[in-house]
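Written below as structure tokens is the structure these notes are about.
Protein chains: 2
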Amino acid sequence: MPEAPYNARVRNCTVNLRVPDELDIIARIARAVPSHTSPVLPLTIGDDAALLRPPRGKQWVLTCDAFVENVHFLARVHPAEAVGYKALARAVSDLAAMGATPRVFLLTLGLPADRTGAWLNRFLRGLARAARAFDLVLAGGDTFRSTAVFVSVTAIGDIVGGYAVKRSGARPGDRIYLSGIAGAAELGLQLILRGLARSRSWKTLLRPHLFPVPRLKLGSWLAKHRLASAMLDTSDGLSTDLDRLCRASGTGARIFAALLPAVKVPGELRRRGFDPLQLALHGAEDYELLFTVPRKRVHKLPARFGGVPLTCIGEITEPPQLLLVGENGAVQPLQPAGWDHFRSKPAQTRKPGSLP
Amino acid sequence: MPEAPYNARVRNCTVNLRVPDELDIIARIARAVPSHTSPVLPLTIGDDAALLRPPRGKQWVLTCDAFVENVHFLARVHPAEAVGYKALARAVSDLAAMGATPRVFLLTLGLPADRTGAWLNRFLRGLARAARAFDLVLAGGDTFRSTAVFVSVTAIGDIVGGYAVKRSGARPGDRIYLSGIAGAAELGLQLILRGLARSRSWKTLLRPHLFPVPRLKLGSWLAKHRLASAMLDTSDGLSTDLDRLCRASGTGARIFAALLPAVKVPGELRRRGFDPLQLALHGAEDYELLFTVPRKRVHKLPARFGGVPLTCIGEITEPPQLLLVGENGAVQPLQPAGWDHFRSKPAQTRKPGSLP
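So the protein sequences, as listed, match chains P and G. Per our numbering, the very first residue in the first sequence carries number 3; after that it's consecutive. Per our numbering, the very first residue in the second sequence carries number 3; after that it's consecutive.
Here's what the structure looks like:
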């Protein structure tokens, strides 16, 4: 059996002369990313599996999220720091959408040999920044060599038993709310994909795409006060995510173009075809919270929460259709035209190119 | 923004005319793989995240494991059923190595468009078979389109607080045990890679590679009776995994070639160069348990457990080296020559080609 490892034979990338071994990579991850024992986590990384000790009266909330080169990001245009940050932010946003508080995460990381050096260090810097920002501790993981960067994060949080906000609780008459701004992440992505990202005046427009902020405190507050009857995060676009919420709840929805907190688009970019309404309706990866509130409880909701605007954009209806009321009052069906990984043709409405 | 979805633009695979959408794929996963609510799992798949209600006095045990085309398996030679089965079996083996009982799993699944049909159905059949065999319920997941099949499983089990068996508990004088047969999975892999798998008389030799059996009951029994002082599963090869156990424990080890429960190799295959000792020492993916037992407790260990032989193969030593005592009594250093994903050159000793 004198064959070379299979992995080396199928690979066509140039192999560095000094590729670190697996133990070295795991040691670098452990140094870069917070991982320490606690009452919740009695064992840190390095064993077969992680241990998790449940706090009293709490339920665990689990989610996994993949972040893959050429599918979800492009190494050529996306900084490694943003890739590391976002891998975690995306997963944590799912916890926010349940109202949970993040605790630990598991990291599965596939790397080409030529990304095990400086690229990995920058990636880990972004990951560590997100872990600190969201108060997450690394509990374990898996590493392997692959032809493109492959990241999968399992994020685990907790919440008081019975308080998690599902997608299925919306009822006709409930008001529909959206946190923050809609379409800002898609605008940033499009600027990058079209090579417009270098213009200095537009640099700040990239931030919502590169470093989105999951609405953890808002999600947890809405759950704790039982204000949200249904909730999810806008990862695949408002139209698609609203459709999901309505399907899970067995309802429809009517939203108003005039109410949408659409991203502000500079005049020059509008002239290049960037349309705030289309971005707001179908742009992916905002990671804002889309939630419904029973009419009687709407008065308990502040206009802003921790500086983030909470905007009523419409209401839940009984007939299971999505309707968009235009600025002129005309009503038209709203097609879910956000992101679907397996959809082979563009949706009926105009769909922005996206990499969710 | 009339661009095609980015995903479609970077892809060079042939796109089927009728590719199912993401909701359809999720629905098929839900139909094929066990997922039902229970006191432990109050919410099934389809929401932002899964909920997990902890049983009293138990700790959770978490592990994640990637299984990627062209890295861990080859679609051209590995049946889709085996890919589905093994994706779960590998992760569950990590739970066995802690002594935990499997409960739920999360599935991250990246698929090329041309694998969303019959291939996916067969994959799900294998996955479901493993889920039933190991008593696991699907709790959530993530799907996306990719150029090669990408699977990542997060498996979650539980164990009575304080009973999990770590890698770090081995002490000098402890006896080293191995369950089952060593090198059988590597023999199966090599037969497949060399095109020898079609010979009818060798068909049964493929089974340990295609459908390995994680030692869940043994792991749980060893933990419950506090017999194992340290334990892991042999996923990357006995020499590499023993090295890991010893590094974690701060010890060395001496093992005896004459004691190794090496795979039986038919005469014709021996003549083709298949060597039982090399397969047993360095062959990957057996998913047997490698554990240490304090000398005074060795008499409590049966010779077989549930039909699986438990073999003493050596002892833990104080000096931190791995030594191999040959059949002739000659002692030589044992190089960890099993699988390391990032090692660029073959190890010093002969290394079987492997796809762990």
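Glycine residues also receive a C-beta, built at the ideal position from the N, C-alpha and C atoms.
Give the secondary structure of residue 94 of chain G by DSSP, where H, G and I count as helix, E and B as strand, and everything else as coil. helix
9 Å Cβ cut-off: residues of chain G touching residue 70 of chain P: 112, 146, 148, 152
Where the alpha helix (DSSP H) through residue 279 of chain G begins and ends: 278-284
Between which residues of its own chain and residue 313 of chain G is the CB-CB distance below 6 Å, once the five residues before and five after are set aside? 180, 263
For residue 3 of chain P, count neighbouring C-beta atoms within 10 Å of its own C-beta (all shown protein chains included) and say buried if the count is 16 or more, exposed if not. Confidence at residue 3 of chain P is low in this model, with a pLDDT of 28, below 50, so the placement of that residue is unreliable and no value is reported for it.
Of all the CB atoms in chain P, is at least one closer than 7 Å to the CB of residue 94 of chain G? no
Any contact between the segment 150-167 of chain P and the segment 207-214 of chain P? By contact I mean 3 or more CB pairs, one from each, below 8 Å. no
Closer than 6 Å by C-beta to residue 322 of chain G: which residues in its own chain qualify, once you throw out the five before and the five after it? Chain order, please. 254
Name, please, each residue of chain G whose Cβ falls closer than 7 Å to the Cβ of residue 314 of chain P. Correct list: empty, because the minimum Cβ distance to chain G is about 22 Å.
Separation of residue 268 of chain G from residue 340 of chain P, as counted between CA atoms: 58 Å
If you compare alpha carbons, which of P:114, P:108, P:104, P:38 is closest to residue 72 of chain G? P:114
Start and end of the alpha helix (DSSP H) containing residue 192 of chain P? 186-195
Quick one: does residue 73 of chain G have its CB under 7 Å from some CB of chain P? yes
Pull up the distance between the alpha-carbon of residue 175 of chain P and that of residue 223 of chain G, whole angstroms please. 55 Å
Residue 35 of chain P and residue 130 of chain P closer than 7 Å at C-beta: yes
Just to confirm my understanding: we take residue 338 of chain G, look at its own chain, exclude 5 residues before and 5 after, and list those with CB closer than 6 Å. What are they? 241, 242, 245
So residue 85 of chain G and residue 69 of chain G are supposed to be a Cβ contact under 8 Å. How far apart are they, rounded? 7 Å
Pairs of beta-carbons, one from the segment 273-292 of chain G and one from the segment 187-202 of chain G, closer than 8 Å: are there three or more? yes
Enumerated in chain order, which unbroken segments of the beta strand (DSSP E) with a length of 3 residues or greater are wholly contained in the segment 176-251 of chain P? 177-181, 232-235
When DSSP builds the beta bridges, which residues end up paired with residue 154 of chain G? G:68, G:110
Whether or not the segment 58-65 of chain P and the segment 123-139 of chain P are in contact is what I'm after, with contact meaning three or more pairs of Cβ atoms, one per stretch, closer than 8 Å; do they touch? no
Contacting residues, own chain, Cβ-Cβ under 6 Å from residue 132 of chain P (five flanking each side not counted): 87, 90, 91
Taking only three categories from DSSP, how would you classify residue 291 of chain G? strand
C-alpha gap between residue 327 of chain P and residue 55 of chain P, whole angstroms: 49 Å
In terms of residue numbering, what span does the alpha helix (DSSP H) encompassing residue 125 of chain P cover? 120-136
Run the CB neighbour count on residue 275 of chain G, radius 10 Å, all protein chains shown included, and call it buried at 16 or more, exposed below. exposed
Would you call residue 139 of chain G buried or exposed, if buried means 16 or more other Cβ atoms sit within 10 Å of its Cβ? buried
Given a limit of 8 Å on CB to CB distance, which residues of the segment 183-217 of chain G reach chain P? 192, 195
Determine the contact status of residue 237 of chain P and residue 154 of chain G, defining contact as a CB-CB distance below 7 Å. no
Taking Cβ-Cβ distances below 7 Å as the criterion, which residues of the segment 303-329 of chain P are in contact with chain G? none
Is the CB-CB distance between residue 101 of chain G and residue 250 of chain G below 7 Å? no
Interface residues of chain G facing residue 67 of chain P [CB-CB closer than 7 Å]: 144
As a quick exercise: from G:149, G:256, G:270, G:292, pick the residue whose alpha carbon is nearest that of residue 311 of chain G. G:292
Answer with yes or no whether the minimum CB distance from residue 91 of chain G to chain P is below 7 Å. no
Pop quiz: residue 232 of chain G and residue 168 of chain G are said to be a contact at Cβ under 8 Å. What is the actual Cβ separation, rounded to whole angstroms? 7 Å
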